[in-house]
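For reference, the structure is listed below as structure tokens.
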Amino acid sequence: MKQLIPFRITTPGSTANLGPGFDSVGMAVNRYLILDVMENDTWRFIPMSSDLNGVPEDEENLIYKVAESVANDYKLTLPACRVEVTSDIPLSRGLGSSAAAIVAGIELANQLLNLQLSNEEKLRRASIFEGHLDNVAASLYGGLIIGSHRGDGTDMVHGGFPDIDMVVYIPAYELKTEKARSVLPESMAYKKAVLASGISNVLVAALLTSNWELAGKMMAKDLFHQPYRGELVPELAMINSLADDLGAYGVALSGAGPTIICFAPSGKGKSIQVHLQHAYPEARIELLKVDQTGVVVNRDSFVKQ
Numbered sequence: 349m350k351q352l353i354p355f356r357i358t359t360p361g362s363t364a365n366l367g368p369g370f371d372s373v374g375m376a377v378n379r380y381l382i383l384d385v386m387e388n389d390t391w392r393f394i395p396m397s398s399d400l401n402g403v404p405e406d407e408e409n410l411i412y413k414v415a416e417s418v419a420n421d422y423k424l425t426l427p428a429c430r431v432e433v434t435s436d437i438p439l440s441r442g443l444g445s446s447a448a449a450i451v452a453g454i455e456l457a458n459q460l461l462n463l464q465l466s467n468e469e470k471l472r473r474a475s476i477f478e479g480h481l482d483n484v485a486a487s488l489y490g491g492l493i494i495g496s497h498r499g500d501g502t503d504m505v506h507g508g509f510p511d512i513d514m515v516v517y518i519p520a521y522e523l524k525t526e527k528a529r530s531v532l533p534e535s536m537a538y539k540k541a542v543l544a545s546g547i548s549n550v551l552v553a554a555l556l557t558s559n560w561e562l563a564g565k566m567m568a569k570d571l572f573h574q575p576y577r578g579e580l581v582p583e584l585a586m587i588n589s590l591a592d593d594l595g596a597y598g599v600a601l602s603g604a605g606p607t608i609i610c611f612a613p614s615g616k617g618k619s620i621q622v623h624l625q626h627a628y629p630e631a632r633i634e635l636l637k638v639d640q641t642g643v644v645v646n647r648d649s650f651v652k653q
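Written as structure tokens, this is what we have:
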């Protein structure tokens, strides 16, 4: 495998749900997990950025576990590597850090073992590992995705690369996905489910026709998860009101939260960022754009910094 090393894998973070698009709508953002992969005698994952503090540096690392699962399926053995890991995707904040790690792990095995997996195979594996497809599909393909992950298959439609600004409110506290899911109901009454599904359908139609004003309206009418998770993220209602006054299209929890994301016309995000930072000086307020590439492998021009 020596001829295959070194290389770099770059995987974008993502936002998901976009309100009522629960577990089925995602969008890649320009925050990245980067793996610089080199030969080594043992497996080591070296954190190169503060957002990775506390992440396992040995074979307990999620990236390794995913890569190993792929190798095991092919009855192959991964060659030991030193992996320098850089990330500006905050952990447990709803910006797809675990999904990026899963996609990167599959790509790591794909490159080391020269498996030549198709994107469809990568998506199916990633969705099974994650349990849903919205974040992993966005990290894999970039841009906007709408999909369905089921026991009998994983299907996805790519919605292009929206030209919008995204302003994210990232609080200091974490919210584990397990806790965020624990507050959701086990079931929903039939009539309410039909209403919630209709809202989600209109969201998707609005996104695919670039009607972001209507998409924002549907985000506010979500019945699937935000009414429940809003109790865990009390800032949601306040930021929703403030961002609306500042000209945002709409506001939603990013994934399971606690990050809150404001969708705005291109060029409008900076002023929203400034106003939110003034209102919430203790939080990280960042201006994001839609990632255009998805996961990328760079070998020919890889240069160790």
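According to our numbering, the sequence shown holds residues 349 to 653 in order. No residue lacks a Cβ here, since even glycine has one placed at the ideal position from N, Cα and C. Just so it is clear, the structure is predicted and the values come from calculations on it, not from any experiment.
Looking only at C-alpha atoms, which of the options sits nearest to residue i?
| i | options | result |
| --- | --- | --- |
| Ala415 | Gln625, Gly442 and Asn462 | Asn462 |
| Gln574 | Leu555, Trp560 and Gly605 | Gly605 |
| Asp511 | Ser558, Val484, Ala591 and Gly603 | Ser558 |
| Ala486 | Ala600, Gly444 and Arg356 | Gly444 |
| Ser614 | Tyr597, Ala419 and Ser602 | Tyr597 |
| Ile587 | Ala600, Ala537, Asn467 and Ser545 | Ala600 |
| Ala591 | Met536, Glu561 and Cys610 | Cys610 |
| Ser338 | Asp399, Lys413 and Val505 | The requested residue 338 is not part of the displayed model; the chain covers only 349 to 653. |
| Val622 | Met514, Ile437 and Ala448 | Met514 |
| Tyr521 | Leu410, Leu580 and Asn388 | Leu580 |
| Asp500 | Ile476, Lys470 and Tyr412 | Ile476 |
| Lys524 | Asp570, Ala585 and Thr607 | Thr607 |
| Gly578 | Glu526, Tyr380 and Val531 | Val531 |
| Asp399 | Gly546, Tyr628, Asp436 and Pro533 | Asp436 |
| Ser589 | Leu624, Lys527 and Asn409 | Leu624 |
| Gly603 | Asn420, Ile547, Glu561 and Glu478 | Glu478 |
| Lys527 | Tyr576, Pro629 and Leu410 | Tyr576 |
| Ala631 | Tyr517, Lys413 and Asn388 | Tyr517 |
Spatial neighbours of residue i within its chain, please: C-beta separation below 8 Å, excluding the five flanking residues on both sides.
| i | result |
| --- | --- |
| Ile394 | Glu405, Arg430, Val431, Glu432 and Val433 |
| Asn401 | Pro395 |
| Met386 | Ile353, Pro354, Cys429, Arg430, Val431, Glu432 and Lys652 |
| Arg529 | Ala604 |
| Pro533 | Tyr576 |
Expressed to the nearest angstrom, what Euclidean distance is found between the alpha-carbon atoms of residue i and residue j?
| i | j | result |
| --- | --- | --- |
| Arg472 | Ala452 | 14 Å |
| Asp503 | His626 | 42 Å |
| Ser496 | Leu481 | 7 Å |
| Ala612 | Gly595 | 7 Å |
| Pro519 | Ile633 | 9 Å |
| Leu426 | Val418 | 10 Å |
| Val459 | Asp593 | Residue 459 is actually Gln in this sequence, not Val. Answer to the nearest angstrom: the Cα atoms are 48 Å apart. |
| Gly508 | Asn549 | 18 Å |
| Met567 | Arg441 | 19 Å |
| Met349 | Ser535 | Here Met349 scores only 46 on pLDDT, less than 50, and its place in the model is too uncertain to base an answer on. |
| Ile494 | Asn467 | 15 Å |
| Pro438 | Val542 | 35 Å |
| Asn646 | Arg392 | 20 Å |
| Lys423 | Gly617 | 49 Å |
| Tyr380 | Thr390 | 25 Å |
| Ser619 | Leu584 | 19 Å |
| Ile450 | Glu469 | 13 Å |
| Glu407 | Tyr628 | 39 Å |
| Leu465 | Ser397 | 30 Å |
| Lys413 | Asp384 | 17 Å |
| Asp421 | Glu561 | 45 Å |
| Tyr538 | Ala474 | 31 Å |
| Asp648 | Arg498 | 37 Å |
Once you ignore the five residues that flank residue i on each side, which residues in its own chain have a CB closer than 7 Å to its CB?
| i | result |
| --- | --- |
| Asn378 | Pro360, Leu636, Lys637 and Asp639 |
| Lys563 | Note that residue 563 is Ala in the sequence shown, not Lys. Correct list, in chain order: Leu551, Ala554, Leu555, Tyr597 and Gly598. |
| Ala376 | Pro360, Ser362, Ala486, Ser487, Gly490, Gly491, Val638, Asp639 and Gly642 |
| Asn388 | Ala428, Cys429 and Arg430 |
Tell me which same chain residues have a C-beta within less than 6 Å of the C-beta of residue i, skipping the five on either side of it?
| i | result |
| --- | --- |
| Ile382 | Thr358 and Thr434 |
| Phe572 | Pro368, Phe370 and Ala544 |
| Glu455 | Ile357 and Val643 |
| Asn483 | Ser362, Ala364, Gly374, Gly444 and Ala447 |
| Ala457 | Ala415, Val418 and Ala419 |
| Ile547 | Pro368, Met566 and Lys569 |
| Leu410 | Ala449 |
Which residue spans inside the segment 389-466 form an unbroken beta strand (DSSP E) run of at least 3? Positions of the beta strand (DSSP E) runs, each at least 3 residues long and wholly inside the segment 389-466, are given as 392-395 and 429-435 in order along the chain.
How about the segment 548-563 and the segment 366-373: do they share at least three Cβ pairs that are nearer than 8 Å? Because the criterion of three Cβ pairs below 8 Å is met, the segment 548-563 and the segment 366-373 touch.
Which parts of the segment 540-565 are runs of the beta strand (DSSP E), unbroken and 3 residues or longer, counting only runs that do not cross its ends? The qualifying runs do not exist here; there are none.
Whole runs of the beta strand (DSSP E) within the segment 606-648, excluding any shorter than 3 residues: Segments of the beta strand (DSSP E) lying fully in the segment 606-648: 608-613, 632-636 and 644-646.
Which whole runs of the beta strand (DSSP E) in the segment 464-522 are 3 residues long or more, in chain order? 492-498, 501-506 and 512-518, all fully within the segment 464-522.
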